[in-house]
């Protein structure tokens with residue numbers, strides 16, 4: 001046991017504990033533990049065992065293929081949803097710009113009107129803050145990052 005490793009000592013300790021437990025219960029336990037034991041020789045499988053093993057492997061291949069196809073389909077569906085939402089977002093932002101421009105045009109038309117005093121107009125800066133975008137510049141349609 002002078003291999004410099006802890007594993008043989010742990011195995012020996014477990015062996016002793018198992019033997020002690022069995023002894024206390026009145027059972028006899030013979031453990032034939034050999035450190036220098038060569039690895040077990042793999043036995044040859046019977047034809048029925050080989051067939052069962054091959055059947056299991058084929059079943060596993062089919063299940064893996066089905067899972068990959070299902071995952072690919074789900075990813076494709078999510079990609080379609082993302083593209084649709086991005087398109088809708090772009091359309092809505094363009095409509096916001098159009099509506100703000102229309103509002104600005106109406107405000108400028110009404111500014112020369114004699115009844116323009118004491119009309120509470122929505123502050124454009126307040127609207128920009130609420131929406132997190134810049135509406136004063138028509139070229140800037142991207143949203144501002146607030147994070």
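Residue numbers (the UniProt record's numbering): 1 to 147.
We put the CB at the ideal spot given by N, CA and C, even for glycine.
Practice item. Locate the alpha helix (DSSP H) running through residue 78, then write down its first and last residues. Key: In this chain, the alpha helix (DSSP H) harbouring residue 78 covers 47-111.
Exercise for review: Could you check the C-alpha separation between residue 64 and residue 75 for me, to the nearest Å?
Suggested key: Using only the alpha carbons, I get a separation of about 16 Å.
Check your understanding: Which class does residue 146 belong to by DSSP, given the choice of helix, strand or coil?
Key -> Reliability fails at residue 146, whose pLDDT of 46 lies under 50, so the model's placement of it is uncertain and the value that follows must be treated cautiously. Taken through DSSP and simplified to helix, strand or coil, residue 146 comes out as coil.
Check your understanding: Can you tell me the Cα-Cα spacing of residue 53 and residue 62, whole angstroms?
Key -> Approximately 14 Å, taken between the alpha carbons.
Practice item. Measure from the alpha carbon of residue 17 to the alpha carbon of each residue in 50, 56, 29, then state which is nearest. Key: It is 29.
Review point. Can you name, in chain order, every residue of its own chain whose Cβ lies under 6 Å from the Cβ of residue 13, other than the five neighbours on each side?
Key: Cβ neighbours of residue 13 beyond the five flanking positions: none.
Check your understanding: Between residue 130 and the rest of its own chain, which residues show a CB-CB distance below 8 Å, the 5 nearest in sequence each way excluded?
Key -> No residues qualify anywhere along the chain.
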